[in-house]
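Protein chains: 2
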Amino acid sequence: MNKYLPVLKRVNLFRGIEEAELQSLLSCLSAKESHYEKGQTIFFNGESIERFGIVLSGEVQIVQDDYYGNRSILARMDTGNLFGESFACAEIKTLPVSVIATTESELLFIDYHRLAVPCARACGFHCRLIQNMLNIVSIKNILLTQKVEFISKRTTREKLLAYLSAEAKRAGSNRFSIPFNRQQLADYLFVERSAMSAELSKLKKSGALTFHKNQFELLGIGGL
Amino acid sequence: MNKYLPVLKRVNLFRGIEEAELQSLLSCLSAKESHYEKGQTIFFNGESIERFGIVLSGEVQIVQDDYYGNRSILARMDTGNLFGESFACAEIKTLPVSVIATTESELLFIDYHRLAVPCARACGFHCRLIQNMLNIVSIKNILLTQKVEFISKRTTREKLLAYLSAEAKRAGSNRFSIPFNRQQLADYLFVERSAMSAELSKLKKSGALTFHKNQFELLGIGGL
DNA sequence: CCCCTTTTGTTGGAATTACAACAGATTTAT
DNA sequence: ATAAATCTGTTGTAATTCCAACAAAAGGGG
């Protein structure tokens, strides 16, 4: 666990908590580290969870699979980010999503009840942790709202442009990488892969953008 | 404000707080009541907010309008529910949505900072309020996740059936009302109104469901 | 280096959705 | 009560997306 202390001290959940206190806090919370292989399912749709996870290394995706095998990616979480915290905090009985390890990953699990109902020793941290958690879930809601904005667009082209514009803004540059391959990007935008690929090629041909694999460059709005 | 005490004591934010304390707590929080006419905009896309709202009576919708005038409804909030809390809690600078009064409404506004940083007198409630708020935003996250599930469906028919099935489940009956007219339902599912109307008629003709205005009855899966 | 697998892009046809227009039904205003 | 406004459903056409198939490109393993 010492190996991941540099990661953990930058996790928003532990903001305001001294590094010297982190280890004993994690021990008090009975935090448990686990290893997952690429492709392994961490949480299954339909189950009830009490723990949320923190990504120490690797990446996980929050997904929904429909009856026909279409996959919808809701979000991806990489190092330092939490997943499943809303479901654990809300104490729901039936998880509406699955969580999948996209790459080999090390994850830290914490039982939400231990966070919410602290022992007397950790009482000084209780409010801090809950307030940090409130900040995290609020930001998650905003990210999900942005995601909804992408998919509210009525054509595949608009969805692509909305998403890619936001990524350029996030990167602070017109050249940037995205964390998805083509199938994953289609699953994130809820469209069909090859049709999206065709749209990307049209956008490239029109001069609006250029790309190779997951590297993109926006070339201005001249082509729109 | 006394008029709305019965509403307020059932608001989840105030769970665990005695009715006798509510009034002084609201005073301490400098809660402010406001009246809005039908159609009035409460929060504007792009602005920065520090207050969140509670619906005392009426209804508000969280919406996004695109360049072409298409409206996307993210959520609706009726009596007793909060809106804007994630944005206020996360302290964002630019609101990505607008909030509109769908009907004539009475709303109560609270400054998030007053909630988070209490005076010495209210210190006993600080943790309680933050924890209640965490529960609220977590549930909001789950509702938004469910909304994403509706719109992840790849055809208008599937979107309709996903939404209507969830409403039947929520109502505990195959006969139920929905809180949207046709245009609003289309805006909620991100589809075009008349195409959706045509799909509803096909579903009725196939025997899957029947409806009149916002009254629906699911007739089993025989018609699918 | 070669072979196999996976990813990406392309293409034509089928399916679905958007659009515009309009008629009928319902609600609102005078 | 009547007229005006709004909502809902229908229809034909245009536009877009999905699907299946396949070729080309890229990546991985022996």
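Protein sequences appear in the order of chains A and B. In terms of the numbering used here, the first sequence opens at residue 1195 and continues consecutively. In terms of the numbering used here, the second sequence opens at residue 1195 and continues consecutively. All C-beta atoms in this analysis are idealised placements derived from N, C-alpha and C, irrespective of residue type, glycine included.
Item: Given Y1382/A as reference, the closest of S1218/A, R1209/A, A1269/A, A1365/A once Cα atoms are compared; Value: A1269/A
Item: Pair within 9 angstroms by beta-carbon distance, F1238/A and I1304/A; Value: no
Item: Boundaries of the alpha helix (DSSP H) in which R1376/B is found, first to last residue; Value: 1376-1383
Item: Contact set between the stretch 1261-1282 of chain B and chain A, restricted to residues whose Cβ is under 7 angstroms from the partner; Value: N1264, S1266, L1268, S1280, F1281
Item: CB contact flag (L1419/A, L1328/B, <9 angstroms); Value: It is not possible to answer for residue 1419/A, since the shown part of chain A is limited to 1195 through 1418.
Item: Simplified DSSP assignment, three categories, for E1208/B; Value: Note that residue 1208/B is Phe in the sequence shown, not Glu. The answer is helix: DSSP assigns F1208/B an H, G or I state.
Item: Neighbouring residues, chain A, relative to V1331/B (Cβ below 7 angstroms); Value: L1328, V1331, S1332, N1335
Item: Cβ neighbour criterion (16 or more within 10 Å) applied to A1257/A; Value: Reading off the sequence shown, one finds Val at residue 1257/A, where the question assumed Ala. That one is buried.
Item: The stretch 1358-1378 of chain A touching the stretch 1371-1386 of chain B, judged by at least three CB pairs closer than 8 angstroms; Value: no
Item: Separation of D1272/A from E1300/B, as counted between CA atoms; Value: 42 angstroms
Item: DSSP three-state assignment for R1308/B, whether helix, strand or coil; Value: helix
Item: Residues bridged to T1235/A [DSSP beta-bridge criterion]; Value: I1294/A
Item: Beta-carbon contacts of I1243/A that lie in its chain and below 7 angstroms, excluding the five residues immediately before and after; Value: F1237, G1278, F1281, A1282, L1289
Item: Nearest candidate by alpha-carbon position, reference I1248/B, set L1199/B, A1380/B, L1412/B; Value: L1199/B
Item: Alpha helix (DSSP H) segment containing T1350/A, residue limits; Value: 1350-1365
Item: Reduced DSSP secondary structure (H/G/I, E/B, other) of K1226/A; Value: strand
Item: Separation of K1226/B from V1311/A, as counted between CA atoms; Value: 32 angstroms
Item: As assigned by DSSP and simplified to three states, the class of S1221/A; Value: helix
Item: Buried/exposed call for T1235/B, threshold 16 Cβ in 10 Å; Value: exposed
Item: Sequence-distant residues of the same chain with beta carbon closer than 7 angstroms to K1353/B, five excluded per side; Value: F1344, I1345, K1347, L1383, V1385
Item: Cutoff 9 angstroms: I1372/A Cβ touching any chain B Cβ; Value: no
Item: Interface flag, L1338/B vs chain A, CB-CB below 9 angstroms; Value: yes
Item: Inter-residue spacing [alpha-carbon to alpha-carbon] between Q1409/B and E1361/B; Value: 11 angstroms
Item: Residue range of the alpha helix (DSSP H) that includes S1395/A; Value: 1387-1399
Item: Reduced DSSP category for T1404/A - H, G, I as helix; E, B as strand; rest coil; Value: strand
Item: Span separating the alpha-carbon of R1369/A from that of V1342/A; Value: 24 angstroms
Item: Pairwise C-alpha distance: E1213/A and E1212/B; Value: 39 angstroms
Item: Proximity winner among K1399/A, L1223/A, S1292/A, relative to G1240/A (alpha-carbon distances); Value: S1292/A
Item: A1310/B at chain A interface by Cβ criterion, 9 angstroms; Value: yes
Item: Which listed residue (I1324/A, L1223/A, R1364/A, G1252/A) has its alpha carbon closest to that of K1232/A; Value: G1252/A
Item: Chain A contacts from the stretch 1203-1228 of chain B (Cβ-Cβ distance under 8 angstroms); Value: none
Item: L1413/A to G1210/B span [Cα, whole Å]; Value: 55 angstroms
Item: According to DSSP, residues forming a beta bridge with F1281/B; Value: DSSP output for F1281/B lists no bridge partner at all.
Item: Contact list for Q1258/B against chain A, beta-carbon separation under 7 angstroms; Value: E1343, S1346
Item: Interface flag, I1304/A vs chain B, CB-CB below 9 angstroms; Value: no
Item: Collapsed DSSP secondary structure at S1242/A in the structure displayed; Value: coil
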